[in-house]
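**Student:**
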Amino acid sequence: MKKFICLLLLISIAFVSCDGRKTQNDLLNKAITEFNNKEANLETFTIYPREYTEVITDTLISNKVNVRIKNFTSLNETVLIASTENQTSYHRVFKSEISIKSDNKNILKATINAEDFANPEEIFWNNATLQQVWVNQDLTTVEEINLDMSFINPLDKSYKLYRMSVNQDGQQQINLIEEQS
């Protein structure tokens, strides 16, 4: 009789546990399916660089001339790189602030960006941004500061390299040095 009661108890526990409720695995699969159905309609944006970027370079030439260049990203301006149904990619616009002092006298203070160089007749400038500005130390003297400026078009991976020469009076001369389309 004891065996019969134990068997009856085990069978009743088995029937009670099979009450038709969904298992954890079924609930998880249902939640994943619902999420994926909602996710399919979301558009994803990627921006390069992800965060604000700033690089400051101070260059001292012959203890007389100080060149300070601040290359930074604009948080409000971007260039569209690619766009698909669910994915859009952007490249932040870069700018540079340039300050040149000689014997503590301001020679040049300027902000450089791609808009300053843009030529509406060239397709390159439609999506171009400044990449960076730096002192060309091989060509720079106390009398003439040479700054190289690199512009890129992240859409088609082309670039242009300019050189700006600044004399002691602050007069500038800008020349295109190299380009790749």
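Quick note: the sequence shown, position 81, residue 81 per the UniProt record's numbering, numbers continuous.
The C-beta atom is built at its ideal place from N, Cα and C for all residues, glycine as well.
#1: Are at least three pairs of beta-carbons, each pair with one atom in the stretch 59-66 and one in the stretch 115-131, less than 8 angstroms apart?
#2: Locate the alpha helix (DSSP H) running through Phe72, then write down its first and last residues.
#3: Give me the DSSP bridge partner(s) of Trp134.
#4: Counting along the chain, where does the alpha helix (DSSP H) carrying Phe117 start and finish?
#5: Helix or strand or just coil, what does DSSP make of Asp58?
#6: Which partner residues does Arg163 have in the DSSP bridge list?
#7: Using C-beta distances below 6 angstroms, list every residue in its chain close to Asn126, excluding the 5 sequence neighbours before and after it, in chain order.
#8: So, Tyr52 versus Leu75, is the Cβ gap smaller than 7 angstroms?
#9: Let me know the secondary structure DSSP gives Thr33 once reduced to three states.
#10: What did DSSP end up calling Leu108 once you bin it into helix, strand or coil?
#11: Does the beta-carbon distance from Phe124 to Ser158 come in below 7 angstroms?
#12: Measure the C-alpha to C-alpha separation of Gln132 and Leu161 and round it to an integer number of angstroms.
#13: Could you pull the start and end residues of the beta strand (DSSP E) that Gln87 belongs to?
#14: Which residues share a DSSP beta bridge with Ser181?
#15: Thinking just about the alpha-carbon of each residue, which of Asp169, Leu147, Asn153 and Leu10 is nearest to the one in Asn136?
#16: Would you call Ser102 buried or exposed, if buried means 16 or more other Cβ atoms sit within 10 Å of its Cβ?
#17: CA-CA distance, Lys95 and Phe151?
#18: Between residue 222 and the rest of its own chain, which residues show a CB-CB distance below 7 angstroms, the 5 nearest in sequence each way excluded?
**Tutor:** For this structure:
#1: no
#2: To locate residue 72, count along the sequence shown from 1; it is residue 72. Where Phe72 is concerned, there is no enclosing alpha helix (DSSP H), although the beta strand (DSSP E) it sits in stretches over Val65 to Ser83.
#3: Within the sequence shown, numbered from 1, the residue matching residue 134 stands at position 134. Partner(s): Asp148.
#4: Numbered from its first residue, the sequence shown carries residue 117 at position 117. Start and end: Ala114 to Phe117.
#5: Stepping through the sequence shown from its first residue, residue 58 is reached at position 58. In this structure, Asp58 counts as strand in the three-state DSSP scheme.
#6: Here residue 163 refers to the residue found at position 163 when the sequence shown is read from its first residue. Partner(s): Asp148 and Asn175.
#7: In the sequence shown, residue 126 corresponds to position 126, counting from 1. Closer than 6 angstroms at the Cβ level, and outside the excluded window around Asn126, lies no residue.
#8: Mapped onto the sequence shown, residue 52 falls at position 52. Mapped onto the sequence shown, residue 75 falls at position 75. Yes; because the gap between Cβ atoms is below 7 angstroms, this pair is in contact.
#9: Residue 33 sits at position 33 when you count from the first residue of the sequence shown. Correct three-state label for Thr33: helix.
#10: In the sequence shown, counting from the first residue as 1, residue 108 sits at position 108. Correct three-state label for Leu108: strand.
#11: Looking up residue 124 in the sequence shown gives position 124. Looking up residue 158 in the sequence shown gives position 158. Yes, they are a contact pair.
#12: By one-based count along the sequence shown, residue 132 stands at place 132. By one-based count along the sequence shown, residue 161 stands at place 161. When rounded, the distance between both Cα atoms is 10 angstroms.
#13: On the sequence shown, residue 87 is found 87 positions in, with the first residue counted as 1. Segment Gln87 to Ser102, the beta strand (DSSP E) holding Gln87.
#14: Numbered from 1 along the sequence shown, position 181 holds the residue referred to as residue 181. For Ser181, which the question treats as bridged, DSSP gives no partner whatsoever.
#15: Stepping through the sequence shown from its first residue, residue 136 is reached at position 136. Checked all of Asp169, Leu147, Asn153 and Leu10; the closest Cα to Asn136 is Leu147.
#16: Against the sequence shown, residue 102 aligns to sequence position 102. Burial call: buried.
#17: Within the sequence shown, residue 95 is the residue found at index 95, counting from 1. Within the sequence shown, residue 151 is the residue found at index 151, counting from 1. Distance between the alpha carbons of Lys95 and Phe151: 10 angstroms.
#18: Outside the modelled stretch of the chain, which goes from 1 to 181, sits residue 222, for which no answer is possible.
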